[in-house]
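Peer 1: 16 is the number of the first residue of the sequence shown in full-length UniProt numbering; add one for each residue after it.
Just passing along the structure, written as structure tokens.
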Amino acid sequence: RCGFVAIVGRPNVGKSTLMNHILGQKVSITSRRPQTTRHQVMGIHTEDGTQCVFVDTPGIHIMQRDRNKAINRFMNQTATQALRDVDAVVFIVDRTRWMEEDQIVLEKLAHVKAPVILVVNKIDWLKDKTTLAPWLQSLQERRDFAAIIPMSAKNGTNIDLLLENVMGRL
Ligand code: GDP
Ligand code: MG
């Protein structure tokens with residue numbers, strides 16, 4: 016079996032960091048500066064005979080007002096193409112904030128038929144863990160996500176859970 020999974024989210028949520036963990040090597044550039052990843056970075060994860068191609072999808076967050084910039088047009092197009100034939104989407108957001116750019120990504124996923132798994136990243140920053148449950152609850156109201164997984168891409172927390180969830184859908 017083989018599947019194709021897009022990793023999406025606004026800049027700085029941790030897409031490249033997750034990608035590096037999945038692949039176990041530094042193939043995707045991570046940075047504090049947004050939009051470091053201009054091109055798609057792909058990696059293959061293999062487990063029990065199932066192969067999964069992960070694509071770090073930059074540019075899906077591009078604001079409408081920026082659409083005339085050539086680089087933005089290019090990135091937007093690349094991102095949209097990546098979503099056409101995916102088997103699953105991993106949509107990453109931050110542990111506490113829902114921003115306009117998250118909303119733009121969500122809207123771009125509106126026509127995606129494949130299951131969308133929401134990842135709430137950077138939970139290692141959470142001092143008060145009791146805030147997590149109500150936050151996850153509020154996110155579930157934004158879309159019927161296939162799953163919501165709290166994670167720390169940096170520490171590796173719950174990445175195995177995410178992979179298990181994704182691989183189980185292929
Ligand atoms: P991208 O723009 O979505 O690809 O985000 P990056 O993977 O480049 O990460 C942006 C910044 O957030 C980097 O400084 C990462 O080290 C940091 N980061 C990513 N994941 C985590 C996490 O789980 N916890 C913390 N504390 N920082 C993270
Ligand atoms: Mg990146």
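Built from N, CA and C at the ideal position, the CB exists for glycine as well.
Just so we're clear, the structure is a prediction, and the values are computed from it rather than from any experiment.
1) Taking the beta strand (DSSP E) that VAL181 belongs to, which residues open and close that run?
2) Considering only the alpha carbon of each residue, which of THR146, GLU122, ARG158, THR65 lies closest to THR111?
3) Judging by CA-CA distance, which residue of TRP150, GLN155, ALA129, ILE164 is the nearest neighbour of ARG99?
4) Using the C-alpha atoms, what's the distance from LEU151 back to ASP102?
5) Of all the CB atoms in chain D, is at least one closer than 8 Å to the CB of THR61?
6) I want to check one thing, is the minimum distance from the CB of LYS137 to the heavy atoms of the ligand MG below 7 Å?
7) Which one or two residues does DSSP pair with ASP139 in a beta bridge?
8) Are the Cβ atoms of ALA168 and HIS36 separated by less than 8 Å?
9) Hey, how far is the Cα of GLN92 from the Cα of CYS17?
10) Would you decide whether LYS84 is buried or exposed? Buried here means 16 or more other CB atoms lie within 10 Å of its CB.
11) Is it true that the CB of ILE132 sits closer than 8 Å to the CB of VAL108?
12) Quick check on residue 1: does DSSP put it in helix, strand or coil?
13) Indicate whether VAL68 and PHE19 have their beta-carbon atoms separated by less than 8 Å.
14) Determine the burial state of ILE59: buried for a count of at least 16 other Cβ atoms within 10 Å of its Cβ, exposed for fewer.
Peer 2: To lay it out plainly:
1) Element bounds for VAL181: not the beta strand (DSSP E) but the alpha helix (DSSP H), 174–182.
2) Looking at the Cα atoms, THR146 is the closest of the given residues.
3) ALA129
4) Pairing ASP102 with LEU151, the inter-Cα distance amounts to about 24 Å.
5) The question asks about chain D, but that chain is absent: this structure has only one protein chain.
6) no
7) Answer is none; ASP139 lacks a bridge partner.
8) yes
9) The alpha-carbon atoms of GLN92 and CYS17 are separated by roughly 24 Å.
10) exposed
11) Cβ atoms of VAL108 and ILE132: not closer than 8 Å.
12) Since the displayed the chain opens at 16 and closes at 185, residue 1 lies outside it and no answer follows.
13) In this structure, PHE19 lies closer than 8 Å to VAL68 by Cβ.
14) Result: exposed.
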